[in-house]
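Below is one structure, written out as structure tokens; the observations come after it.
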Amino acid sequence: MRSPCYLCGEPSILDGLCQNCYNNEHPLVKVSSPLSITICKKCGSVKIPGGWKTLSSQNKDAQRAEQIDILLDMEITPLVPGLSVDIIEENRLDRVLLVRLVVTGKSAPDLEPHTEEYPTEIRYSYMSCDSCSMMSGGYYEATLQIRADERPLTKEEQDQILEIAKERTIAEYGKDTRAFILQIDETKFGLDLYLGSDLLCRKIAEEVEAQFLASRKENFKLYSQDRGGKKKYRTTILLRLPQFLPGDFIEVVGNPCRVLKMGKGGLTCYDLVRRHRFTVSPKSSKWKTIRFITEGDSKREFTVVSNVYGKPLQVMASDTFEILELDDESIRQYVSGDSIYLIEHNNKLYPVPE
Ligand SMILES: [Zn+2]
Ligand SMILES: [Zn+2]
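The opening residue of the sequence shown carries number 4 in the numbering used here; numbering runs sequentially from there.
In structure tokens, the structure reads:
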């Protein structure tokens with residue numbers, strides 16, 4: 004026989020209280036109302052102790068939900084483990100949002116779960132977060148200039164580089180207050196990026212350098228000196244992409260080669276003399292011997308006129324009808340009528356494999 008609840012007289016189940024009275028005496032959470040939230044009017048970040056918490060969503064409604072989550076994470080104190088909290092928007096005014104928090108859980112491990120509701124008022128105030136203030140003040144620490152050797156950047160290169168810059172910036176967003184791109188200038192020479200953070204500039208530069216096998220130069224310019232005499236420098240990193248692109252012809256250690264692929268692993272080429280594939284790293288001694296020969300589409304098309312054993316192969320230029328003779332074992336498999344591509348280098352003709 005259970006003793007009666009000392010508050011209401013119903014049979015008690017825990018600490019001399021019935022389930023209802025126990026739940027009333029032991030709420031699931033502690034939360035006060037009204038709550039205040041400070042939001043950046045530009046990017047929606049939420050002010051938290053010691054800084055700003057950035058949002059991951061772009062859409063307005065998703066952002067508002069994210070802001071409330073950040074606030075309630077800080078303001079709701081769970082008093083028991085294993086709670087679920089639903090947030091229901093009741094009314095939205097200009098600077099006030101009324102929500103109902105629906106909390107479900109157990110006041111004690113042996114009791115049945117129950118639900119509690121907390122009407123909560125959220126009061127909004129707005130200011131500019133640190134990143135947005137710096138951006139609107141034109142703050143930047145570093146410039147990344149990207150050029151190509153003896154040619155403008157291609158549209159494809161520009162797009163890929165801007166994508167890298169965007170991805171790197173998003174990766175640093177929320178970790179580094181200054182991780183923003185202040186400005187992008189697309190000039191006829193290439194790209195200039197003005198970056199809030201020196202570290203971000205280095206990260207983007209590193210990736211572009213590796214991906215495009217670019218050369219790199221750095222310099223520093225004094226831009227201000229505070230009253231204590233402390234000097235501040237701005238970094239400029241200049242990346243220069245090679246003149247050649249995949250498909251182009253280059254000389255490597257004196258041999259004409261075709262560029263097949265370029266990327267983080269280095270430059271993959273096909274040697275037209277030794278007829279094999281190889282890879283060159285920008286750090287190798289071979290790299291310094293690279294000379295640009297000609298663009299990929301400057302190879303010339305010829306038609307095989309005759310291929311007789313023991314005699315040179317006869318080909319005719321498709322553009323000028325000029326007849327040439329080639330003494331090259333690598334093209335013995337061709338028969339009359341076949342097309343063959345050649346490039347000229349130092350007065351010699353080299354077959355280009357398909
Ligand atoms: Zn009771
Ligand atoms: Zn902001």
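Ideal Cβ positions, reconstructed from N, Cα and C, are used throughout, including at glycine.
Check your understanding: Would you call Ile91 buried or exposed, if buried means 16 or more other Cβ atoms sit within 10 Å of its Cβ?
Key -> exposed
Check your understanding: Relative to the C-alpha of Val106, which residue among Glu170, Thr118, Cys8 and Tyr273 is closest?
Key -> Thr118
Check your understanding: Taking the beta strand (DSSP E) that Asn258 falls in, what are its first and last residues?
Key -> Asn258 to Gly266
**Study point:** Heavy atom of ligand 2 within 8 Å of Cys46 beta-carbon
**Key:** yes
**Study point:** Backbone secondary structure at Ser131 - three-state DSSP
**Key:** coil
Check your understanding: Nearest-angstrom Cα distance between Cys43 and Met130?
Key -> 5 Å
Check your understanding: So does Ser134 have its beta carbon nearer than 8 Å to some heavy atom of ligand 2?
Key -> yes
Point to revise | Close Cβ partners of Phe183 (< 6 Å) along its chain, the five nearest in sequence each way excluded | key: Ser134, Met138 and Gly199
Point to revise | Lys169: first and last residue of the uninterrupted beta strand (DSSP E) it sits in | key: No beta strand (DSSP E) holds Lys169; the alpha helix (DSSP H) holding it covers Lys158 to Glu175.
Exercise for review: For the segment 185–267, list the beta strand (DSSP E) runs that are entirely contained and at least 3 residues long, ordered along the chain.
Suggested key: 193–198, 218–228, 234–244, 252–255 and 258–266
Practice item. Using 8 Å as the cut-off, classify the Cβ of Cys21 as near or not near the heavy atoms of ligand 2, replying yes or no. Key: no
Review point. With distances taken between CB atoms, is the gap from Glu17 to Tyr9 smaller than 9 Å?
Key: Sequence check: residue 17 is Leu here, not Glu. It is not a contact, given that the beta carbons lie outside the stated cut-off.
Review point. Can at least three beta-carbon pairs, one atom from the segment 167–182 and one from the segment 110–124, be found at a separation below 8 Å?
Key: no
Point to revise | Endpoints, beta strand (DSSP E) assigned at Asn94 | key: Ser87 to Arg95
Review point. Whose CA, out of Phe324, Lys351 and Pro315, lies closest to the CA of Tyr337?
Key: Pro315
Point to revise | Where Cys43 sits in the DSSP three-state scheme | key: strand
Point to revise | Span of the alpha helix (DSSP H) around Lys63 | key: Lys63 to Glu78
Practice item. For Gln148, write down the residues that DSSP places opposite it in a beta bridge. Key: Asp195 and Leu241
Exercise for review: For Gln61, count neighbouring C-beta atoms within 10 Å of its own C-beta (all shown protein chains included) and say buried if the count is 16 or more, exposed if not.
Suggested key: exposed
Practice item. Go through its chain and collect everything with a Cβ distance to Thr292's Cβ below 8 Å, but skip five positions before and after it. Key: Glu254, Val255, Val256 and Gly257
Check your understanding: Is there contact between the segment 47–58 and the segment 92–102, where contact requires at least three CB pairs shorter than 8 Å?
Key -> no
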